Amino acid sequence: MSAPVFSTHGCRLNAYESEAMREMAEAAGLQGAVIVNTCAVTAEAVRKARQDIRRLSRENPGAPVIVTGCAAQTEPDTFAAMPEVTRVVGNSEKMRPETWAGLTPDLIGQTERVIVDDIMSVKETAGHLIDGFGRHRAYVQVQNGCDHRCTFCIIPYGRGNSRSVPAGVVVDQIKRLRDRGFNEVVLTGVDLTSWGADLPSTPRLGDLVMRILKLVPDLPRLRISSIDSIEADENLMQAIATEPRLMPHLHLSLQAGDDMILKRMRRRHLRDDAIRFCEDARRLRPEIVFGADIIAGFPTETEAMFENSLKLVEDCGLTFLHVFPYSARQGTPAARMPAVNGKVIKERAARLRAAGNEALHRHLNAQIGRTHRVLTEGPRLGRTEQFTEVSFERDMPEGTLLYGEVAGHDGTRLFLR
């Protein structure tokens, strides 16, 4: 029998959890199975998951197919009805060793076909200790779930309410990862800036960052994944200003640049809040760069409203843009709002991407002649502290830190002298 085959859809947190599941499945002796870790963020994501399940079933005839992840949590019956699917496992259940112990070949035919409980009843998140991805960068899950109810988002119903991993558990894991040679650790979660709200004394994300940097003094690089800028606390801003080991790159969950659309999305910030945050962070750390998520064609979006989102790229000084053409997600309030024409959505997404490409090109031009410390991700690929990709002319050992002066770029990646 062969090792389990994993197929992961969606976010970095899903990728992290797939690694944790791989360890639990192997420890339980599960072999010859296909595990599909799904995403539920859009209807298109669910369609792709179903397509992937059918493909993997054809490629692995006779193998049990286990479907888990956010789409399995929100639509268990959809996947249970597929003839290719053997088991549907919920988001909470997938992170329990006993679940995988019950899915070994001798027991898989005896367990329930759908193992999905009420995710809203889950009150805590374990700090799953895995060794990271590859040999260069490790991702540490410090938070799961979300207490907010943005009108376009189904994720809280797949992930449950916000739960935090205690700081001591996080620090212990990062120490272990550092001992294994990792030079960069990324803190990740569904709603990262809500970390600590459910813990005693309600610490904030900035407190966690400061504690990690103090208690793991030999960690060269600490990075934060996507944050909600309106929740940035005083200690986080202090860390941005004073801690060179905290990387000068933040990915912001902005979603739109028009106040009316932000209100209809039920976001908690306005346009000026986003601009002010970027100005404040850049004043504290002049070299900081920002990425952002922006949705094109949200229901009721007029051309003038879209122009406000388009201008946000320049007004916030964004560098890395993640553009999402709006796709109605059944079960969300936004799906019942007046829709924007599909061709218009596609055209607006293209304009946003073009603006993002121009912003990236300006950033790359500005790096020429500067010296960066680069973490090698592969023989010919690395990233600067600002998360900008770098190409190497010759093979480099993975996971090392090196300095180099930027000689040029190809529109996507920097070249070093």
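Heads up: the sequence shown begins at 810 in the numbering used here, then just goes up one per residue.
Glycine included, every Cβ here is placed at the ideal spot set by N, Cα and C.
Because the structure is a prediction, the values reported are computed rather than measured.
For the pair Arg1073 and Tyr1135, the Cα-to-Cα distance works out to about 14 Å. Using a C-beta cut-off of 8 Å, the segment 945 to 952 makes contact with the segment 991 to 1001, since at least three inter-stretch Cβ pairs fall below that distance.
According to DSSP, Thr997 shares a beta bridge with Gln950. One Cα belongs to Leu1169, the other to Glu1194, and the distance between them is close to 15 Å. The segment 811 to 824 makes contact with the segment 847 to 854: 3 or more CB pairs, one atom from each, lie closer than 8 Å. Annotation note: the segment 1097 to 1174 contains the following uninterrupted beta strand (DSSP E) runs of length 3 or greater, listed N- to C-terminal: 1098 to 1105, 1127 to 1134.
Of the residues Ile862, Val1025, Lys1120, the one whose Cα lies closest to the Cα of Asp988 is Val1025. A check of alpha carbon separations from Ser1034 across Leu1061, Gly1213, Ile1021, Arg1226 identifies Leu1061 as the nearest. Relative to Leu1055, the option among Glu1088, Glu1110, Arg1094, Thr895 whose CA is nearest is Arg1094. Each residue's CA atom was taken as its position, placing Asp1089 and Arg859 some 44 Å apart.
Note that the segment 866 to 877 touches the segment 889 to 898; at least 3 beta-carbon pairs, one per stretch, sit closer than 8 Å. Taking the Cα positions, Asn1117 is about 23 Å away from Arg958.
Taking C-alpha positions only, Phe1133 is separated from Asp861 by approximately 21 Å. In this structure, Asp1102 places its C-beta atom within 8 Å of the C-beta atom of His1131.
Distance between Ala1050 and Ala1105, taken at the CA atoms: about 33 Å. Rounded to the nearest whole angstrom, the CA to CA distance from Arg968 to Gly954 is 5 Å. Secondary structure of Arg1222 (DSSP, three-state): coil.
Annotated three-state conformation of Phe815 is strand, per DSSP. Classified as buried, Asn846 has 16 or more neighbouring CB atoms from the shown chains inside 10 Å of its CB. The Cβ neighbour count for Arg1032, taken over all protein chains shown within 10 Å, is at least 16; the residue is labelled buried. A direct Cα-Cα distance of roughly 45 Å separates Ile983 from Val1149. At the C-beta level, Gly1015 and Asp1042 come within 8 Å of one another. In this structure Lys903 is buried. Its beta-carbon is surrounded by 16 or more other beta-carbon atoms within 10 angstroms. Here the segment 1121 to 1128 makes no contact with the segment 1150 to 1158; the two share fewer than three CB pairs at distances below 8 Å. In the DSSP assignment, Leu1024 falls within the alpha helix (DSSP H) that extends over 1014 to 1024. Under the three-state reduction of DSSP output, Val843 falls in the strand class. In the DSSP assignment, Thr1209 falls outside any beta strand (DSSP E), carrying neither H nor E.
In its chain, beyond the 5 residues on either side, Thr1180, His1181, Arg1182, Val1183 have a beta carbon closer than 8 Å to the beta carbon of Tyr1212. Taking a C-beta distance under 8 Å as the contact criterion, Thr1128 and His1172 qualify as a contact pair.
Arg1092 is not a Cβ neighbour of Asn1044, given a cutoff of 8 Å. Residues of the same chain with a CB within less than 8 Å of the CB of Val814, apart from the 5 flanking positions on each side, are Ala842, Val843, Ile844, Leu865, Asn869, Ala872 in chain order.
Taken through DSSP and simplified to helix, strand or coil, Ser1038 comes out as helix.
For Val974, there is no enclosing beta strand (DSSP E), as DSSP marks it with neither H nor E. Comparing C-alpha distances from Val978 to each of Arg1020, Thr1011, Ser1003 shows the shortest one belongs to Arg1020. Under a 10 Å Cβ-count criterion, Pro1009 is classified as exposed, with fewer than 16 other Cβ atoms of the shown protein chains found around its own Cβ.
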